[in-house]
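Notes follow once the structure below has been shown.
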Amino acid sequence: MSMEASSSSASLQSRQQILRVATSKLIRQTQEGDKDEINVDSAYLKSLRNEIRGCEEVIPEYVDYLQQTIRRSMSDTRITLLSIIDYFFCRSHAFRSRIVDDIQGLLKLVCETDPLHCPLPGPTHKAKQLKVYAIKRIKAWHEKFGPGYIKLQGVPEFLKHSKAMDFERASAELLAEQRRKEDEDRKKAEKAKIVVASIRQKYDSLKVDVSRHLTEIDMGLRILVPSFEDSFDQPSSSMSAELSSLNTSERKKLHGYDDNHQSISVVVVSARPCVTISEENEDLVQTVRDAKTMLDSYRSDIQNFIRKVTACACNETNEFLKELIETKRQIDVQIQKANELKLEQKKKKEVKKKTRKDSDSEDSDLEDVPEKELEDFVMPEEIPRHILDRVNELEKEQQPSTSREPDNEPGPSTSKESANKIPILPFGLDLKYWGEERAPVQIPKNNSDSHRFWRAPDEDTMVTHDRSEVYETRVFTFVGEERRSEKKCRTRLSDGRLCPRMDFVKCPIHGLIVDRDEEGFPLKEVEDSGEITEREAKAREKEQEEYMRDLEAATGIDMSGKAKKKQKKKDRYAPTEGQAVRQRLEVGVKE
2 MSMEASSSSA SLQSRQQILR VATSKLIRQT QEGDKDEINV DSAYLKSLRN EIRGCEEVIP
62 EYVDYLQQTI RRSMSDTRIT LLSIIDYFFC RSHAFRSRIV DDIQGLLKLV CETDPLHCPL
122 PGPTHKAKQL KVYAIKRIKA WHEKFGPGYI KLQGVPEFLK HSKAMDFERA SAELLAEQRR
182 KEDEDRKKAE KAKIVVASIR QKYDSLKVDV SRHLTEIDMG LRILVPSFED SFDQPSSSMS
242 AELSSLNTSE RKKLHGYDDN HQSISVVVVS ARPCVTISEE NEDLVQTVRD AKTMLDSYRS
302 DIQNFIRKVT ACACNETNEF LKELIETKRQ IDVQIQKANE LKLEQKKKKE VKKKTRKDSD
362 SEDSDLEDVP EKELEDFVMP EEIPRHILDR VNELEKEQQP STSREPDNEP GPSTSKESAN
422 KIPILPFGLD LKYWGEERAP VQIPKNNSDS HRFWRAPDED TMVTHDRSEV YETRVFTFVG
482 EERRSEKKCR TRLSDGRLCP RMDFVKCPIH GLIVDRDEEG FPLKEVEDSG EITEREAKAR
542 EKEQEEYMRD LEAATGIDMS GKAKKKQKKK DRYAPTEGQA VRQRLEVGVK E
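Each residue of the sequence shown is one higher than the one before, counting from 2 in our numbering.
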């Protein structure tokens, strides 16, 4: 007995461990899916159900474990645990009895009947959601199982007289939520009716064509592959009577079977029908092909209709959905039959042969003219390689240079209009001698006069370098449109107006141009560290000096702001340097 008790306790402990692990995994799975209530189709919930159904002795300890888990969990986890309790409360009498025995403790944890000692944890919106969900479940329990449990009958009265919560208000919220849900369902139903009506209208427009093509492909396949099943599948009563009257040996003779033969070889022909396309059935085969092509397109449309009608699931769409499914089934059957025959189109070569035969038959009425006998064509000997190279060189020389002018014939990606718009500029000596080192050309001296001591100066042999820059410098004139700026400074001036100066980046007076509103204030705050490097300071100073010089040259006014020093007036009677020397000499003589 002790061994049996120990084994039973060990099995209970193992079951409890399985229940706890499955519960924790179920809670984690629900929270990872961003849901509060459990999924009924979850594998972990099925495991819990199997364990509880297999041994009801684990229910008391499992209920205590659930309440302990609720006590130390947050509000979002409590909603999940309460959904687990609700699932087993509606399915197990033992589970209901255990919950009803301690219903007051459960109400403290989910309805906050004792907010002073047992308040609901956060977050706040989840706590409110837990209250509403708990009242909703308890009302459902009371309506369904109240008559069978005395404690459960007094729960609504207890909640109504509870000062910690407003049961009537919560019931009103549930009623409002129910009405809101009914309104949403009604709107969805109205929208579904509109969608189904539009789909039915489209289907009615296709229905006639679909039935016509189904009839065409069915009749065409019946003509191409006749069916003889009806005559063989149902044997007549007289034939069956004759067969039953025969004994075994007579049946063997009837079928051509003899016991003396030890082996029989049977050739089983493929059951798949084979259609040979000829001139007689070519038009019929083409009709079947065309009908199959049209049914393929209609099948995709009907498949789309089925998907939309299924999304608008309501009771009024069942008949229409059945009709769509039946039409799709008929199309699939006919398409499958056509695919099994493999009625492929004729290749282009066969079509060409046929047209050639037709043309030959048309030309057969003409008179036959004997062909003119020509001399035998003798293939020339192989042309030497050096002759081919020379011919290629001559062809290249005759082609115009791509640098001087474009080809007369436009390429595949250019048109004549675009070719006319391309500017053409002839190259000069700079491109002809580009990248070459040019040494000065020596001019030979002319000593043809044969004079004894006179000859022409050597300056005639000097090479001038005045025009050497022609070979190194290339000037391109700008023929495009002038670039204009549409950005205005719009800085607020002292008289209240906005600066009308236009530039690309900076205003010459107010600096960097930024986006401003109608009043002239910048839309975004301009970050200015206030630290100016030495290079920036020099650049600004140089730019300011250049601007002032240009301004002075344009206006003719000195903008430097420095006062001119008054020059000392020269004394008209002041002696010159020569006169001063003379005066000193005269003074010396007098002395």
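Yeah, the Cβ is synthetic: ideal placement off N, Cα and C, and Gly gets one too.
Model, not experiment: these values are computed from the prediction.
Checklist entry - Counting along the chain, where does the alpha helix (DSSP H) carrying Pro-61 start and finish? => result 60-72
Next on the checklist: Can you tell me where the alpha helix (DSSP H) holding Lys-161 begins and where it ends?
Outcome noted: 156-161
Checklist entry - Where does Gly-512 fall in DSSP's three states? => result The DSSP-derived three-state label of Gly-512 is strand.
Item to check | Beta-carbon proximity check, Ile-224 vs Ala-339, cutoff 9 Å | outcome: No, these two residues do not count as a Cβ contact at 9 Å.
Checklist entry - Once you ignore the five residues that flank Met-503 on each side, which residues in its own chain have a CB closer than 6 Å to its CB? => result Ser-486, Lys-489
Next on the checklist: Once DSSP output is grouped into helix, strand and coil, what is the label at Pro-148?
Outcome noted: helix
Checklist entry - What is the rounded straight-line gap between the Cα of Glu-52 and the Cα of Glu-58? => result Glu-52 and Glu-58 have their C-alpha atoms roughly 10 Å apart.
Checklist entry - Of the choices Gln-69, Ile-200, Arg-21, Val-101, whose alpha-carbon is the least far from that of Gly-155? => result Val-101
Checklist entry - Using the rule of at least 16 other Cβ atoms within 10 Å of the residue's Cβ for burial, across every protein chain shown, is Asp-77 buried or exposed? => result buried
Checklist entry - Would a C-beta distance cut-off of 9 Å place Asp-205 and Tyr-299 closer than the cut-off? => result no
Checklist entry - Given that a residue counts as buried once 16 or more other Cβ atoms are within 10 Å of its Cβ, and exposed if not, what is Val-111? => result buried
Checklist entry - Based on the DSSP output, what are the partners of Met-503 in its beta bridges? => result Lys-489
Checklist entry - Can you give the Cα-Cα distance for Gly-123 and Leu-117, rounded to whole angstroms? => result Approximately 15 Å, taken between the alpha carbons.
Item to check | Thr-24 and Leu-83 closer than 9 Å at C-beta | outcome: No.
Item to check | Best match in Ile-195, Pro-501, Cys-275, Ile-336 for proximity to Val-310 [C-alpha to C-alpha] | outcome: Ile-195
Item to check | Beta carbon of Thr-81 nearer than 9 Å to that of Gln-32 | outcome: Cβ atoms of Thr-81 and Gln-32: closer than 9 Å.
Next on the checklist: Within a Cβ cutoff of 8 Å, which residues of the same chain sit near Ala-581, ignoring the five residues on either side of it in sequence?
Outcome noted: none
Checklist entry - Name the DSSP beta bridge partners of Arg-517, please? => result Pro-523
Checklist entry - Skipping 5 residues on each side, what residues in its chain have a beta carbon closer than 8 Å to that of Arg-201? => result Phe-321
Next on the checklist: For the alpha helix (DSSP H) containing His-118, name the first residue and the last one.
Outcome noted: Counting along the chain, His-118 falls outside any alpha helix (DSSP H), and DSSP gives it neither H nor E.
Checklist entry - Among the residues of its own chain, which have a CB less than 6 Å from the CB of Ala-128, if the five just before and after it don't count? => result Around Ala-128: Ser-76, Leu-121.
Checklist entry - With a Cβ-Cβ cutoff of 9 Å, do Ile-307 and Ile-332 count as a contact? => result no
Item to check | For Gly-481 and Phe-522, the rounded distance between their alpha carbons | outcome: If I take the Cα positions, the gap works out to 36 Å.
Next on the checklist: Going by C-alpha to C-alpha distance, which of Glu-546, Glu-38, Asp-297 sits closest to Arg-138?
Outcome noted: Glu-38
Next on the checklist: In this structure, how does DSSP classify Ser-10 when only helix, strand and coil are distinguished?
Outcome noted: Per DSSP, reduced to three states, the secondary structure at Ser-10 is helical.
Checklist entry - Out of curiosity, what's the CA-to-CA distance linking Arg-180 and Lys-188? => result Roughly 12 Å between the two C-alpha positions.
Checklist entry - So, Leu-222 versus Leu-342, is the Cβ gap smaller than 9 Å? => result yes
Item to check | Cβ separation of Thr-16 and Cys-56, assumed to be a contact under 8 Å, to the nearest whole Å | outcome: The residue you asked about is not Thr; residue 16 is Arg in the sequence shown. Yes, they are in contact, since the Cβ atoms of Arg-16 and Cys-56 sit about 6 Å apart, within 8 Å.
Checklist entry - Using a Cβ-Cβ cut-off of 7 Å (strictly less than) and excluding sequence neighbours within five positions of Ala-190, which residues of its own chain qualify? => result Cys-315
Checklist entry - Shortest alpha-carbon distance to Phe-146 belongs to which of Glu-396, Leu-160, Phe-90, Ser-199? => result Phe-90
Checklist entry - Near Glu-587, which residues of its chain fall below 6 Å by C-beta distance, leaving aside the five closest residues on each side in sequence? => result none
Checklist entry - Leu-322 by DSSP, collapsed to three states: which one? => result Secondary structure of Leu-322 (DSSP, three-state): helix.
Checklist entry - Which same chain residues, not among the five before or five after Lys-329, have their C-beta less than 6 Å away from its C-beta? => result Ile-303
Checklist entry - Which of helix, strand or coil does DSSP assign to Met-220? => result helix
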